[in-house]
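Data first, discussion second: the structure below is written as structure tokens.
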Amino acid sequence: MSHAALLKVEGLKVSYGHIDAVKGINFELHEGEITTLVGANGAGKSTTLLALSGLLKKNAGRVQFDGQDISAQPPHKIVAAGLVQVAEGRATLTTLTVHENLELGAYTRRDGKAERARDLERIYALFPRLKERQNGLAGNLSGGEQQMLAIGRALMAKPRVLLLDEPSMGLAPIIVQDIFRTLRAINREGLTIFLVEQNVRQALKVADRAYVIETGRIVLSGPGAELLGNPKVQDAYLGG
Amino acid sequence: MLDQQLVNALSLGCVYALFALGFTLIFGVLGVINLAHGAVFMTGAYAAMTVMARFELPLWAGLLFAFAFCGLLGLLIDFLVLRPLRARNAPHLIPMIATIGVAIVLNSAAQGLFGAENQRFPEGAISNDTLQWAGVRITVLELGIILFSFVLMAVLMLALKRTQLGRALRAMAESPKAAYLLGINVEGLFYLTSFAAAALGGVAGVLIGLYSNAMSPLMGQPMLHKGIAVVILGGMGDIRGAMFGGLFLGFAEVLSINYLGSTMRDAVTFGLLFLVLLVRPKGLFGTLQERKV
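Chains R and L, in that order, give the protein sequences.
First residue of the first sequence? That's 1 in our numbering, and the numbers climb one at a time after it.
First residue of the second sequence? That's 241 in our numbering, and the numbers climb one at a time after it.
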């Protein structure tokens, strides 16, 4: 953890009308690491992610990505810069086929067809179920398959940082295990991951760096394993 | 005799389809029922007529001018009227009602500039030659309308199905939020769609102004009503549906005039429309679903 931050957020504030959802938070993502932001429902996790991607207006604060200030960039420029988000829940396009979803993931890429085809094969190797169902509509996939598709589609953008909003939501425990195993595998290949989770135990287990958010403020931070052993975290999030 | 009626029905159906294609494109991508499409269509006819009469230009130049002029008009409507409503997340009815206002402005402007009486394209704007084949006659204009509408449908369908731009438009139709997260310049493509739909509406106005050999400031209104029927019948937002719905309406009108007399035309046509919707409420090709926020 000695190298400089790849993404640095300072003093981020976001509000919905008069309600302050995120009240000035700071955090850092480092290259090649898994960073997690955990907290209860409504703590401001998704709000933080949507603001990072430019979908929500930031009231204050700065987002620095690889030395560039991207705070004021529109969403499509942020994706093109390499900050790609897998949104919460069923983030796939249900009226498009599995294959079309993946092709669309590469929307911001300007490299050749051959390279895209190679990446597509990599995704299919990572998620063989998607290959079997490539010509079916994404809307007919199971919840777990849709989450895999959403992750695969984000990988097609060749991200430098993958942002994930509750990939475990609504999925059976065995599928959640599967998804986390996959995330760790992609991370070992060098991809920086920012994981927002309510499933605190799972998230802290895989995280190199972790932040706990409560009602819009970061209240704890440290290595994932350390927070996992923290009595306050155990008390509040891990059922004692 | 029937052969001739079928050809007439085909060309009339393509006229309706041409109008409906732009209308359904806007609905499919922006989710807006654009009640100004009839007025934009009228504007196209007048724009072409004006430049052709004043500068003695040929028809192709008039068509090109109508395309560009109406395209820019569509862009302006989007920028001034639809974009502010999008930014506020206005519910569906609001942009629809706003487009009624746009239609009133355009219709009144045309009445003020050109008067309320019927006008025509300059003499000789298009050749009156007819082609004859096995006793069936078809004018050059009719043939042009039929070819243009089928080619346009094919191009739009292929583009939506096979290109990355088409996939992006379909993504926006399903969920603008998902489209943003894919790195799609959603606002930019909204503008592009508004431009393209209005430009096509303008071209349709010129062709139909020639076809009926008359134009008036309110020529878009009956067309709008039929256009709405066509896209509802075909399935809102569906390109094939607009084409098929247009043909359905053309054939229903021509055949009911032929067999039941012209007084029964609209009763038969809209009666059939009602029956189809009883069986398939989403229209013939409809897959309409709630847009995710």
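Glycine residues also receive a C-beta, built at the ideal position from the N, C-alpha and C atoms.
In this text the structure is predicted, and so the values were computed from the model without any measurement.
Out of L:379, L:262, L:432, L:273, which has the shortest C-alpha to C-alpha gap to residue 316 of chain L?
The shortest Cα separation from residue 316 of chain L among L:379, L:262, L:432, L:273 belongs to L:432.
Output the boundary residues of the beta strand (DSSP E) element that contains residue 370 of chain L.
Counting along the chain, the beta strand (DSSP E) containing residue 370 of chain L begins and ends at 370-373.
If you compare alpha carbons, which of L:504, L:285, L:383, L:410 is closest to residue 347 of chain L?
Answer by Cα proximity: L:285.
For residue 11 of chain R, which of helix, strand or coil comes out of DSSP?
DSSP places residue 11 of chain R in the strand class (E or B) of the three-state scheme.
Chain R contacts from the stretch 421-432 of chain L (Cβ-Cβ distance under 7 Å)
From the stretch 421-432 of chain L, only 421, 422, 423, 424, 425 have a Cβ closer than 7 Å to chain R.
Would you say residue 268 of chain L and residue 413 of chain L are within 7 Å of each other, going by their C-beta atoms?
For the pair residue 268 of chain L and residue 413 of chain L, the CB atoms are nearer than the 7 Å cut-off.
is_contact[residue 399 of chain L, chain R] using C-beta, thresh 7 Å:
Against chain R, the CB of residue 399 of chain L has no partner CB under 7 Å away; the residue lies outside that interface.
Give the straight-line distance between the Cα atoms of residue 163 of chain R and residue 89 of chain R, rounded to the nearest whole angstrom.
Residue 163 of chain R and residue 89 of chain R: Cα-Cα distance of roughly 14 Å.
Below 8 Å on C-beta distance, what does residue 167 of chain R contact in chain L?
Chain-ordered listing is empty here: chain L has no CB closer than 8 Å to the CB of residue 167 of chain R, the nearest sitting near 14 Å.
Quick test of your reading: residue 264 of chain L and residue 479 of chain L, contact by CB under 8 Å. State the CB separation rounded to the nearest angstrom.
Approximately 7 Å separates the beta-carbon atoms of residue 264 of chain L and residue 479 of chain L; this is inside 8 Å, confirming the contact.
Check this for me: beta carbons of residue 147 of chain R and residue 167 of chain R, under 7 Å apart or not?
A contact, by the Cβ cut-off of 7 Å.
What residues of chain R sit near residue 410 of chain L, judged by a beta carbon separation below 7 Å?
95, 96, listed in chain order.
Hey, quick one: how far does the alpha helix (DSSP H) through residue 351 of chain L stretch, first residue to last?
It spans 333-354 - the alpha helix (DSSP H) in which residue 351 of chain L sits, taken as one unbroken run.
With 7 Å as the threshold, decide whether the Cβ of residue 533 of chain L is near any Cβ in chain R.
Reliability of the predicted coordinates at residue 533 of chain L is poor, the pLDDT of 44 falling under 50, and the value obtained from them is presented with this limitation in mind. Interface with chain R (7 Å Cβ-Cβ cutoff): residue 533 of chain L is excluded.
Any heavy atom of the ligand FAD inside 6 Å of the beta-carbon of residue 507 of chain L?
Ligands in the displayed structure: none, and consequently the ligand FAD is not present.
Closest residue to residue 160 of chain R among R:190, R:28, R:221, R:95 (Cα-Cα distance):
Ranking the options by Cα distance to residue 160 of chain R, first place goes to R:190.
Residue 214 of chain R lies in the alpha helix (DSSP H); which residues open and close that run?
For residue 214 of chain R, no alpha helix (DSSP H) encloses it; the enclosing beta strand (DSSP E) starts and ends at 209-214.
Mind checking who residue 36 of chain R pairs with in its DSSP beta bridge?
DSSP, once it has assigned bridges, lists R:195, R:210 as partnering residue 36 of chain R.
State yes or no: is the beta carbon of residue 197 of chain R nearer than 7 Å to at least one beta carbon in chain L?
It does not: the Cβ of residue 197 of chain R has no partner Cβ on chain L nearer than 7 Å.
Quick one: is residue 192 of chain R near chain L, going by C-beta distance under 7 Å?
For residue 192 of chain R, the closest Cβ of chain L is not nearer than 7 Å.
In three-state DSSP terms, what is residue 87 of chain R?
DSSP places residue 87 of chain R in coil when its eight states are reduced to three.
In this structure, what does DSSP give as the bridge partners for residue 16 of chain R?
Beta-bridge pairing links residue 16 of chain R to R:19.
Neighbour-count burial assignment, residue 248 of chain L, 16 or more Cβ in a 10 Å radius:
Taking every protein chain shown into account, the CB of residue 248 of chain L has 16 or more other CB atoms within 10 angstroms, so this residue is buried.
Exposure label - residue 504 of chain L; buried when at least 16 CB within 10 Å:
Exposed.
8 Å Cβ cut-off: residues of chain R touching residue 328 of chain L
Chain R residues near residue 328 of chain L: none, gap ~13 Å exceeds 8 Å.
Nearest to residue 218 of chain R by alpha carbon, out of R:235, R:8, R:44?
Considering only R:235, R:8, R:44, the residue with the shortest C-alpha distance to residue 218 of chain R is R:44.
Tell me the rounded alpha-carbon separation between residue 207 of chain R and residue 36 of chain R.
Straight-line measurement puts the Cα of residue 36 of chain R at about 6 Å from the Cα of residue 207 of chain R.
Rounded to whole angstroms, what is the Cα-Cα separation between residue 417 of chain L and residue 235 of chain R?
Computed Cα separation, rounded: 36 Å.
N-terminal and C-terminal residue of the alpha helix (DSSP H) that residue 264 of chain L is part of:
Where residue 264 of chain L is concerned, the enclosing alpha helix (DSSP H) stretches over 242-270.
Could you run through the stretch 260-294 of chain L and flag, in chain order, every residue whose CB is less than 7 Å away from some CB of chain R?
Result list empty, no residue passes.
Can you list, in chain order, the stretches of the beta strand (DSSP E) that have 3 or more residues and sit fully within the stretch 85-167 of chain R?
Whole beta strand (DSSP E) segments, 3+ residues: 161-165.
Of all the CB atoms in chain L, is at least one closer than 7 Å to the CB of residue 18 of chain R?
No, because no Cβ of chain L sits closer than 7 Å to the Cβ of residue 18 of chain R.
For residue 39 of chain R, count neighbouring Cβ atoms within 10 angstroms of its own Cβ and tell me buried if that reaches 16, exposed if not.
Its Cβ being crowded by 16 or more others within 10 Å, residue 39 of chain R is buried.
I'd like to know whether the C-beta of residue 79 of chain R is nearer than 7 Å to at least one C-beta of chain L.
Taking Cβ atoms only, chain L reaches closer than 7 Å to residue 79 of chain R, which makes this a yes.
Does any residue of chain R have a CB that is nearer than 7 Å to the CB of residue 520 of chain L?
No - not a single Cβ of chain R is within 7 Å of the one on residue 520 of chain L.
Going by beta carbon distance, what residues of the same chain come within less than 8 Å of residue 130 of chain R, once the five residues before and after it are set aside?
These residues qualify, in order along the chain: 98, 102, 123, 124, 145, 148, 149, 152.
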